[in-house]
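Numbering (the numbering used here), first residue to last: 6 to 196.
This is how it looks when you write it as structure tokens:
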């Protein structure tokens, strides 16, 4: 990999975006890549936007991804996918969880949630994958494992061995939740 690979993870506070980033970072580091991570947690504890920028490659000098240069966007919530779409490069891929979480302005009636989020994303990006990660996580035994379903999907598309991902997952997820998360990862990886 000559140029760094730019991955943007976007979601809402409480969805496990930060844990997913830590699993990704551990897997990349264990695979021998230089890695830089930048976390932006705006109002995350109140259901606000959470964004992490991850860059990995032979040598990475900055953690920041310029607009229009993300190779992959991993979106944990569909409006967040739409909100950060301008960061994706023209040949990039986006993986979107088909879940809507209303932000505070929508809950208070000050704004409306765009009903056509996925349509707008799909019209803008030919390389769009949409998944109902929440339902898959529920089938695995815990709705909080939706983030790991998404990480499994991402893992399948990155140049890091599956075993390295599983080791990283075991290192970052508390032991009492590891079985559910391993199932969730496998389901995502096999999509």
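Glycine included, each C-beta is placed from N, C-alpha and C at the ideal position. Predicted model, so just to flag it, every value in this text is computed and none were measured.
{"Asked": "For residue 116, count neighbouring C-beta atoms within 10 Å of its own C-beta (all shown protein chains included) and say buried if the count is 16 or more, exposed if not.", "Found": "exposed"}
{"Asked": "Since residue 62 and residue 10 should fall inside the 8 Å C-beta cutoff, what is the C-beta to C-beta distance between them, to a whole number of angstroms?", "Found": "6 Å"}
{"Asked": "Between residue 76 and residue 58, what straight-line distance do the alpha-carbon atoms span, to the nearest angstrom?", "Found": "11 Å"}
{"Asked": "In the DSSP output, what is residue 57 paired with across the bridge?", "Found": "14, 44"}
{"Asked": "Given a threshold of 16 other Cβ atoms within 10 Å of its Cβ, counted over all protein chains shown, does residue 124 qualify as buried or as exposed?", "Found": "exposed"}
{"Asked": "What ranges does the alpha helix (DSSP H) occupy inside the stretch 56-95, keeping only unbroken runs of at least 4 residues that lie completely in it?", "Found": "83-88"}
{"Asked": "Near residue 104, which residues of its chain fall below 6 Å by C-beta distance, leaving aside the five closest residues on each side in sequence?", "Found": "82, 139"}
{"Asked": "Per the DSSP calculation, residue 102 is bridged to which residue(s)?", "Found": "136"}
{"Asked": "Would a C-beta distance cut-off of 8 Å place residue 32 and residue 173 closer than the cut-off?", "Found": "yes"}
{"Asked": "From this set, 70, 106, 165, 142, which residue's C-alpha is nearest residue 90's C-alpha?", "Found": "70"}
{"Asked": "Just checking, does the stretch 24-38 make contact with the stretch 174-192 on the three C-beta pairs under 8 Å criterion?", "Found": "yes"}
{"Asked": "Ignore the nearest five residues each way along the sequence and tell me which others in residue 161's own chain have a CB closer than 7 Å to its CB.", "Found": "194"}
{"Asked": "Helix, strand or coil for residue 193? Go by DSSP, reduced to three states.", "Found": "helix"}
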